[in-house]
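Below, the structure written as structure tokens:
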């Protein structure tokens, strides 16, 4: 399992607002290219969004489903990227003195990625998630504040 934690200069509610809008995912998730549709009321458990993901010639169209939601604090997802496999992704938000600590745990659960998972792949996923979480923080910090 790859575990990544970053602190961003944004309020937890602003980070959550980005997480709760699947249309933002291509702007912060490394490898996400576009959202093709949304089913249900994301991120309510059971809802999902359809996406195109990949790098270079390795592209696929699939979906991500919400498995668990604690509004403003925690989101657990099942992300499919067949034929490469699928992963369980857990995102937790914690308010800290100067913003939000975002912790993401990602582990392969099915398919070829689960079979070939090793320390090198774990490190690559971690590096991708560092970039993704920093992008998430930038988007959240840019959200207009309503008073």
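In our numbering, the protein residues as written are 109 to 255. We treat Cβ as the ideally placed atom computed from N, Cα and C, and that holds for glycine.
Cβ distance (whole Å) where residue i is taken to contact residue j below 8 Å
i, j, result
"residue 232", "residue 112", "12 Å between Cβ atoms; not a contact."
"residue 175", "residue 123", "In fact, because the Cβ distance is near 19 Å, the residues do not count as touching under 8 Å."
"residue 151", "residue 143", "About 14 Å; that fails the 8 Å criterion."
"residue 248", "residue 126", "5 Å"
"residue 189", "residue 170", "5 Å"
Residue i, DSSP secondary structure in three states
i, result
"residue 207", "strand"
"residue 132", "helix"
"residue 150", "coil"
"residue 120", "helix"
"residue 256", "Summary: the structure shown does not reach residue 256, with the chain confined to residues 109 through 255, and so no result is reported for it."
"residue 155", "coil"
"residue 251", "coil"
"residue 138", "coil"
"residue 231", "helix"
"residue 223", "Caution is warranted here: a pLDDT of 49 is assigned to residue 223, below 50, making its placement in the model unreliable, and the coordinate value is therefore given only provisionally. Reduced to three states, the DSSP call for residue 223 is helix."
Same chain, Cβ closer than 6 Å to residue i, five either side skipped, listed in chain order
i, result
"residue 243", "136"
"residue 149", "155"
"residue 236", "138"
Candidates the options: closest to residue i by CA position
i, options, result
"residue 208", "181, 198, 234", "181"
"residue 239", "109, 217, 146, 211", "211"
"residue 164", "185, 178, 139, 157", "139"
"residue 205", "153, 116, 109", "116"
"residue 251", "109, 129, 153", "129"
"residue 119", "217, 189, 203", "203"
Beta-carbon contacts of residue i that lie in its chain and below 7 Å, excluding the five residues immediately before and after
i, result
"residue 187", "172, 194, 195, 197"
"residue 121", "180"
"residue 131", "143"
Close-in-space but distant-in-sequence residues of the same chain around residue i (CB under 8 Å, 5 per side omitted)
i, result
"residue 256", "Since the displayed the chain opens at 109 and closes at 255, residue 256 lies outside it and no answer follows."
"residue 114", "209, 210, 238, 241, 242, 245"
"residue 234", "110, 111, 112"
Per DSSP, the bridge partner or partners of residue i
i, result
"residue 212", "112, 199"
"residue 239", "Paired residues: none, contrary to the question."
"residue 256", "Residue 256 lies beyond the residue range present for the chain, which begins at 109 and ends at 255; the question has no answer from this structure."
"residue 183", "177, 199"
Below-9 Å beta-carbon distance, residue i vs any chain C residue
i, result
"residue 110", "As a matter of chain content, chain C is missing from the structure shown, which is built from one protein chain."
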